[in-house]
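Asks: Sharing a structure below in structure tokens format, with a few things to ask.
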Amino acid sequence: MMAELEKELTRRNIPFEHDGNRIRCFPHIINIACQTVLAELKKVSELYIEEPPMSNPPTQDELENWDKYLKALEGDLVGRCRNIVASCRSSGQRRHALLKKIDEGNKTGYWKGKLDDGKDQIRLVQLLRDCETRWSSTFNMIDRVLELYIAIRDFLLDLEQSDITDSLVLNPLQKSILQDIHQVLQVAHLAQELLSAERTPTLSMALPVFETLVSKWKKLSSTIPELKHFIDLGVSKLEEYVGKARKTRLYALAMSELISLSMSTF
């Protein structure tokens, strides 16, 4: 569209450069990067299998742990999480039954000492579905599943829910890996929220937030080396769009205006 606008304005002898006048949608770019990570998680590419994140030469324990981690990743944990939500939300009766189990556990103190956050009660909230085009929806889905997981597990194993396959229940390693994936998506979610939540113009913050997100993801790739390949793909996608955004002079103008306004208040 911008290229066509440039052609039309040029025809009318009006100077215009499509690269230098395009402002990109920040949340949309983050969503593209996250979807790149999520899409690759379904594949567990051969390249990644050939380059395990461990010392050289690797110890026997490292090889065994990597093999277990890789097999768990191949099970598509995000898809499994999605199936858990679908099963627990498949009818009004199931949604009500899950809330009832949470409420009863809260009243009897059953959850005390069992929750990862150290709290004694679980919020009475529903599981959330995700949508590929809805920003942060996959993060929100995983976040809610992890928050309610102790109740979800008991619910899935309940004899009254015997029609729900207990293969949906996550083992400790699978849950731990899902928490790793949650961390990766959370960094992007917080960056997205930083700009989307503001009611004032935030164009001046776009590039700095981009750079911060890239930095945080690179740091996380060393903290969770098992997911480094996937994080690096997300970083590459962000850097691709940051490179395109740098061609637009409006970002620099917005940042200089912000500095000017800040200085004028003193």
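Taking the numbering used here, the leading residue of the sequence shown gets 160, the next gets one more, and so forth.
C-beta atoms are modelled at their ideal positions from N, C-alpha and C, and glycine is treated no differently.
According to DSSP, is K227 helix, strand or coil?
Replies: Position 68 of the sequence shown holds residue 227. Helix.
Asks: Nearest by alpha-carbon distance to A256: which of L329, A310 and L332 is it?
Replies: Residue 256 sits at position 97 when you count from the first residue of the sequence shown. For the residues L329, A310 and L332, the minimum Cα distance to A256 belongs to A310.
Asks: Do the stretch 293-301 and the stretch 268-282 touch if we need at least three Cβ pairs shorter than 8 Å?
Replies: Contact fails: fewer than three Cβ-Cβ distances are below 8 Å.
Asks: Have a look at S381 and D391 and give me their C-alpha separation to the nearest angstrom.
Replies: As a working mapping, residue 381 is identified with position 222 in the sequence shown. As a working mapping, residue 391 is identified with position 232 in the sequence shown. Distance between the alpha carbons of S381 and D391 is about 11 Å.
Asks: Alpha carbon to alpha carbon, what distance is there between N299 and C240?
Replies: Residue 240 sits at position 81 when you count from the first residue of the sequence shown. Residue 299 sits at position 140 when you count from the first residue of the sequence shown. Roughly 11 Å between the two C-alpha positions.
Asks: Taking the C-alpha atoms as reference points, what is the distance between D317 and F369?
Replies: Stepping through the sequence shown from its first residue, residue 317 is reached at position 158. Stepping through the sequence shown from its first residue, residue 369 is reached at position 210. Rounded to whole angstroms, D317 to F369 spans 45 Å at the Cα level.
Asks: So, for V394: in the same chain, excluding its five sequence neighbours on each side, which residues have a beta-carbon less than 7 Å away from its beta-carbon?
Replies: Against the sequence shown, residue 394 aligns to sequence position 235. Taken in chain order, the residues that qualify are V373, W376 and K377.
Asks: In chain order, what residues of the same chain lie with their CB nearer than 6 Å to the CB of I188, ignoring the 5 residues before and after it?
Replies: Residue mapping note: residue 188 aligns to position 29 of the sequence shown, counting from 1. If we look at I188 and ignore the five residues flanking it on each side, its Cβ neighbours are Y400.
Asks: What separation, rounded to the nearest whole angstrom, lies between the Cα atoms of E163 and R170?
Replies: Translated into positions along the sequence shown, residue 163 becomes position 4. Translated into positions along the sequence shown, residue 170 becomes position 11. When rounded, the distance between both Cα atoms is 11 Å.
Asks: Quick check: the stretch 187-203 against the stretch 228-237, are at least 3 beta-carbon pairs closer than 8 Å?
Replies: The answer is yes - the stretch 187-203 touches the stretch 228-237, with three or more Cβ pairs under 8 Å.
Asks: May I ask which residues mark the beginning and end of the alpha helix (DSSP H) holding E199?
Replies: As a first step, residue 199 must be located in the sequence shown, where it is residue number 40. Residues F185 to L200.
Asks: Taking the alpha carbon of A350 as the reference point, which residue from E165, K230, Q285 and L397 has its own alpha carbon closest?
Replies: Stepping through the sequence shown from its first residue, residue 350 is reached at position 191. For A350, the nearest C-alpha among the options comes from L397.
Asks: Taking all protein chains shown into account, decide if G140 is buried (16 or more other Cβ within 10 angstroms of its Cβ) or exposed.
Replies: A question about residue 140 goes unanswered here, because the residues of the chain that appear run from 160 up to 425.
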